[in-house]
Amino acid sequence: MELLLHSLWESLQLIGRLDRDLLSALVTTLRVSITSTAIAALISLPLGFLIAKSSFRGKRAVLNLLRTALALPTVVVGLFVYAFIARNTPLGGLGLLFTPTAIVIGQVLLIIPLVTALVHSAVQDTVHPVYEEALLLGASPLQASAKALVESRLAVTTALMTGFGRVISEVGISLVLGGNIRGVTRTITTAITLETSQGEFAAAFALGIVLLALVFCISLIIQMTDRRREAV
Amino acid sequence: MKQFELKDLVFRRSERFTLEIDELSVTRGEKVAVVGPNGSGKTTLLRLLSFLEQPDSWTRLLFRGQPYAAGRMDRIGVGFLKQEPLLFRGSVAENLAYPLKLRRLASSEIRKRVGAMATRLELADLTWEGAHRLSVGEQRRVALGRVLMADPDILLLDEPMAHLDAHSSAVMEEVFLKAEQTLLLTTHDVHLAHRVGSRVLTLNGGRLSTSLSLNALRGEVREGRFLADPGLDIPLPAAVAPAGDGPVTLILDPRRVVIQPQPGEPLPASGIPPASGSEELLRGHVASVREQGDDVWLEVDCGRRLAAIMSRAEYEEKGLNLHQVVVLSWPPEAMEVS
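Protein chains in written order, with numbering that gives the first Met the number 0: chain A, 0 to 231; chain B, 0 to 337.
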């Protein structure tokens with residue numbers, strides 16, 4: 000209990016004095032997490048929608064595969080990407096290893112199955128009737144698809160938030176592909192790992208509290224926006 | 000110009016149900032009402048005509064003179080109001096504006112048209128209400144307005160009045176009566192079908208026929224009695240009779256026509272049995288029997304063929320058979336004169 004209170008106090012102090020390392024880790028965390036979620040959204044939204052809308056042989060197998068991929072250990076994804084971007088590997092010449100871009104690549108691969116599966120679940124009941132209704136009102140297939148996604152926006156937002164929560168809290172990919180370089184690829188989670196390995200438990204806890212507060216604030220903003228939309 | 004021309008069209012929805020249309024053509028501006036019980040294929044027919052379903056076979060299937068090509072039909076100009084329409088999230092105005100936004104109309108023009116449509120459908124006070132918060136009748140009016148906003152020249156209406164309050168029904172019926180579009184309406188309400196449709200067809204067990212239109216009797220009113228060939232003389236209750244004498248159409252709701260068998264009565268040789276002396280009674284013989292779900296549809300030849308619908312249990316209880324002589328009666332509320 001004492002450790003928790005001490006950590007809470009320390010986290011307030013860290014925020015209060017605008018600690019440069021904390022701010023840097025915070026900015027890196029937000030930058031890679033938002034970028035990963037946005038890229039994954041661009042892939043997963045149409046993919047989840049298409050799977051929900053189409054009927055094809057092997058659909059169940061695809062869904063099972065996606066659900067299995069939900070349990071992917073982040074460190075395995077990190078190692079998988081590492082095998083492609085480390086020196087003396089096919090993409091080694093691009094110099095991606097230990098950059099925020101490498102973290103983004105790993106995180107995108109991590110949450111594509113998650114967001115796709117959640118988007119599929121979110122729209123599978125509404126996609127057909129909304130799509131059909133929009134077509135009947137003169138929409139093109141693309142416009143009708145967009146309408147079906149917009150109509151499921153609350154569930155789709157939840158899917159994206161879940162993906163965001165997964166990447167902002169992961170440590171395996173950031174550590175393996177980012178290398179925890181101070182001021183460059185150090186995220187809050189890798190900073191927590193570092194503090195813990197150095198025995199600085201209070202500092203590690205403080206960073207954890209900052210991370211949780213960050214996710215809470217983002218979640219709150221999205222909820223409030225949704226509630227305002229729902230009020231109409 | 001013909002909007003639709005169908006010949007020998009077959010659509011198998013399942014092993015248990017097949018829609019078969021021998022022939023159907025709908026000309027521009029025509030108002031066709033299709034009457035049938037639940038499960039008779041009314042919705043399937045409209046889904047085929049709006050190209051949401053693909054028929055299995057046909058010998059002729061033309062849309063505005065163009066041959067049908069699966070998956071490549073231009074749906075523009077075809078408005079389809081479903082029995083349970085799906086309203087989008089957002090306000091009434093947002094729903095009404097959707098088809099106009101697709102056409103990229105200017106905001107000022109959209110506002111103007113939305114306002115006009117809301118007024119036309121008596122939704123002006125609800126324009127900014129959430130569409131999902133409205134009553135069933137209001138929601139159906141919003142859905143109709145949204146269909147009309149797409150400016151269709153063909154309106155397909157699937158049971159548009161089902162489960163509606165009187166006010167919403169009246170508002171919508173007014174729109175249908177004044178509509179200049181080609182209109183194809185399905186309903187189980189025979190009176191509505193005859194009020195709105197210039198032609199009434201029956202869909203029964205997946206087959207289209209004109210039999211129910213025979214329940215619309217054209218004749219004239221004289222001193223409170225409805226007179227029509229051949230020898231029909233039906234007294235009209237005060238609530239139904241028009242103010243003056245003259246030509247009218249009497250519509251009988253087939254679900255309220257009561258059939259009583261007359262055991263031992265021979266089949267009239269003439270085929271035109273005399274009208275009974277009793278009020279609201281006609282004699283005739285059962286000319287056709289068809290099962291439809293839990294219902295049985297009968298046609299009774301009273302000189303004019305009249306349709307009657309009853310439950311299978313009632314049919315079996317009465318022991319009715321083909322060619323059997325029967326007496327028809329009905330309550331005053333089964334009649335409507337227009």
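A virtual CB, placed ideally from N, CA and C, is assigned to each residue, including glycine. Keep in mind that this is a model prediction, so the values were computed, not measured.
Check	Outcome
Interfacial residues, the stretch 44 to 57 of chain B to chain A, with Cβ spacing under 8 Å	S49, L51
Contact with chain A by B:Y97, beta-carbon distance below 8 Å	yes
is_contact[B:R88, chain A] using C-beta, thresh 8 Å	yes
Chain B contact residues for A:P232, given Cβ-Cβ distances below 7 Å	The displayed coordinates of chain A run from 0 to 231. Any statement about residue 232 of chain A would go beyond what the structure contains.
Under 9 Å from the C-beta of A:Q142: neighbouring residues of chain B	L101
Cβ contact check for the stretch 101 to 120 of chain A and the stretch 61 to 68 of chain A: 3 or more pairs under 8 Å	yes
Neighbour flag for A:A138 against chain B, beta carbons, 8 Å	yes
Among A:V31, A:L211, A:A37, the one whose alpha carbon lies nearest that of A:T184	A:V31
C-alpha distance - B:V325 paired with B:L200, whole-angstrom precision	25 Å
Meets three-Cβ-pair contact criterion under 8 Å: the stretch 146 to 158 of chain A and the stretch 168 to 186 of chain A	no
Contacts around B:T43, its chain only, beta-carbon distance under 7 Å, and the 5 residues preceding and following it disregarded	F10, R12, L18, E52
Interface positions of the stretch 147 to 175 of chain B facing chain A (Cβ-Cβ less than 7 Å), listed along the chain	A149
Proximity to A:M160 [Cα-Cα], best of A:A212, A:L25, A:A40, A:G15	A:A40
Alpha-carbon spacing of B:S24 relative to B:D152, whole angstroms	16 Å
Cβ neighbour criterion (16 or more within 10 Å) applied to B:S269	Annotation note: pLDDT 41 at B:S269 (below 50); position unreliable, coordinate value reported separately. Counting Cβ neighbours within 10 Å, B:S269 comes out exposed, since fewer than 16 surround it.
Test: A:L44 CB closer than 8 Å to a CB of chain B	no
Min CB distance A:L134 to chain B below 8 Å	yes
Buried or exposed by the 16-neighbour rule on C-beta atoms within 10 Å, applied to B:L297	buried
Where B:P229 falls, given that 16 or more other Cβ within 10 Å makes a residue buried	exposed
B:Q259, enclosing beta strand (DSSP E) - first and last residue	257 to 260
Selection from B:E335, B:V295, B:R304 that minimises the alpha carbon distance to B:P320	Checking the sequence, you will find Asn at residue 320 of chain B rather than Pro. Out of B:E335, B:V295, B:R304, B:V295 has the C-alpha closest to the C-alpha of B:N320.
Bridge-paired residues (DSSP) for B:H284	B:D300, B:V324
Inter-residue spacing [alpha-carbon to alpha-carbon] between B:K317 and B:L8	36 Å
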